[in-house]
Amino acid sequence: MNFDVRLQFAMLILCSILVFIVGTTGLSAVAVIAFLFLLSQGLIKQAFKWIIIFFGLLVCSVGLFHAPWSVLNYLNFILLIILRFIPLLMVAASLGVLPTGELVAGLKKLKIPESILLTLTVALRFFPILMDEIKMINDSAYLRGLSVRDWRNWKHPLILFEHMIVPLLMRTLKLVDDLSASASTRGIDAPGEKTSLYQIKFRQFDVVNVILIGLIGASLFL
């Protein structure tokens, strides 16, 4: 069962603010709460995947912080940026599994302008599809012996970049056009009042999300 779309969106906005304000302890608390946020909606696989990635990178960051070589400090800086985005990706993963109609109906309840609504809908649908594209590109590169999963390929970073990042950039441009066209075909930018099959209302189950939002806010003081 999923939480109310409006509460999920509020959770995403609150996390977007807090992850750049709180310290390491607070950030870890936000990640744990986002983990519970996914678990409570039955997204068990995604919850454990993201929390393992988060704490794995956190351990690496702590190790690099005490490293004697200055070049590793730059790598640690990149890791810290990635760590701050992971809780956002965890919350966004919940929105990514919602049907497009329910997502749009929930955002309409917030009286969001149509132009912003179209942008948000495309953006929230973009990342799950992008992850599938990355997997497809990596599988194709694996057949040619150029997968990022093979550590030997990291000896030739320019070749790896050419066969992984360049196709991803090209597919990203195509995906944006396809998603925008799909949303327009569904009438998202059509004038007039729109109806929906989804009934957006608060339920007893949404109380759990309210509690989690309160805990997210409390992490500011950690």
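Residue numbering for the sequence shown follows our numbering, beginning at 10 and increasing consecutively.
Glycine included, every Cβ here is placed at the ideal spot set by N, Cα and C.
All values reported here derive from a predicted model rather than from experimental measurement.
(Q) Alpha carbons only, please: which of 98, 119 and 207 is nearest the one belonging to residue 135? (A) In the sequence shown, counting from the first residue as 1, residue 135 sits at position 126. Scanning 98, 119 and 207 for the CA closest to the CA of residue 135 turns up 98.
**Q.** Chain-order list of residues whose beta-carbon lies under 6 angstroms from that of residue 209 (same chain, five-residue window excluded)
**A.** As a working note, residue 209 is residue 200 in the sequence shown. Excluding residues within five positions, the ones whose Cβ falls inside 6 angstroms are 114, 115 and 118.
Q: Can you grab the Cα-Cα spacing for the pair residue 145 / residue 230, in whole Å?
A: Walking along the sequence shown from the start, residue 145 turns up at place 136. Walking along the sequence shown from the start, residue 230 turns up at place 221. Rounded to the nearest angstrom, the two C-alpha atoms are 42 angstroms apart.
Q: Compare the Cα-Cα distances from residue 95 to each of 214, 55 and 221 and report the closest residue.
A: Sequence index remark: in the sequence shown, residue 95 carries index 86 (1-based). Residue 55 holds the alpha-carbon nearest to the alpha-carbon of residue 95 among 214, 55 and 221.
Q: Identify the continuous alpha helix (DSSP H) that holds residue 106 and give its terminal residues.
A: Here residue 106 refers to the residue found at position 97 of the sequence shown. Unbroken run through residue 106: none, as it is neither H nor E.
Q) Just how far apart, CA to CA, sit residue 22 and residue 226? A) Working through the sequence shown from its first residue, we reach residue 22 at position 13. Working through the sequence shown from its first residue, we reach residue 226 at position 217. Taking C-alpha positions only, residue 22 is separated from residue 226 by approximately 11 angstroms.
**Q.** Residue of 187, 149, 191 and 142 minimising C-alpha distance to residue 177
**A.** The residue given as residue 177 occupies position 168 in the sequence shown. When each option's Cα is compared against that of residue 177, the closest is 142.
Q.
As an exercise, report each continuous alpha helix (DSSP H) stretch of at least 4 residues that is fully enclosed by the region 14–92, in chain order.
A. Look at the region 14–92 and you find these whole runs of alpha helix (DSSP H), each 4 residues long or longer: 14–27, 33–48 and 53–74.
Q. What are the boundary residues of the alpha helix (DSSP H) that includes residue 226?
A. Numbered from its first residue, the sequence shown carries residue 226 at position 217. Element bounds for residue 226: 215–227.
(Q) Going by DSSP in three states, residue 123 sits in which element: helix, strand or coil? (A) Your numbering for residue 123 matches position 114 in the sequence shown. In the three-state DSSP reduction, residue 123 falls in the helix class (H, G or I).
**Q.** Anticipated Cβ contact below 8 angstroms, residue 130 with residue 112, distance rounded
**A.** Residue mapping note: residue 130 aligns to position 121 of the sequence shown, counting from 1. Residue mapping note: residue 112 aligns to position 103 of the sequence shown, counting from 1. Distance from residue 130 to residue 112 at the Cβ level is roughly 6 angstroms; contact confirmed, criterion being Cβ atoms closer than 8 angstroms.
**Q.** C-alpha gap between residue 215 and residue 207, whole angstroms
**A.** As a position in the sequence shown, residue 215 is number 206, starting the count at 1. As a position in the sequence shown, residue 207 is number 198, starting the count at 1. Going by the C-alpha atoms only, they are around 16 angstroms apart.
Q) So, helix, strand or coil for residue 147, using DSSP? A) Sequence index remark: in the sequence shown, residue 147 carries index 138 (1-based). Note: residue 147 maps to helix in three-state DSSP.
Q | residue 202 versus 15, 16, 123 and 175, residue with shortest Cα-Cα distance | A | Counting from 1 along the sequence shown, the entry for residue 202 is found at position 193. The shortest C-alpha separation from residue 202 is found at 123.
Q: Could you pull out every residue in the same chain whose Cβ sits closer than 8 angstroms to the Cβ of residue 70, ignoring the five residues on either side in sequence?
A: Looking up residue 70 in the sequence shown gives position 61. The answer, listed in chain order, is 85, 88, 89 and 92.
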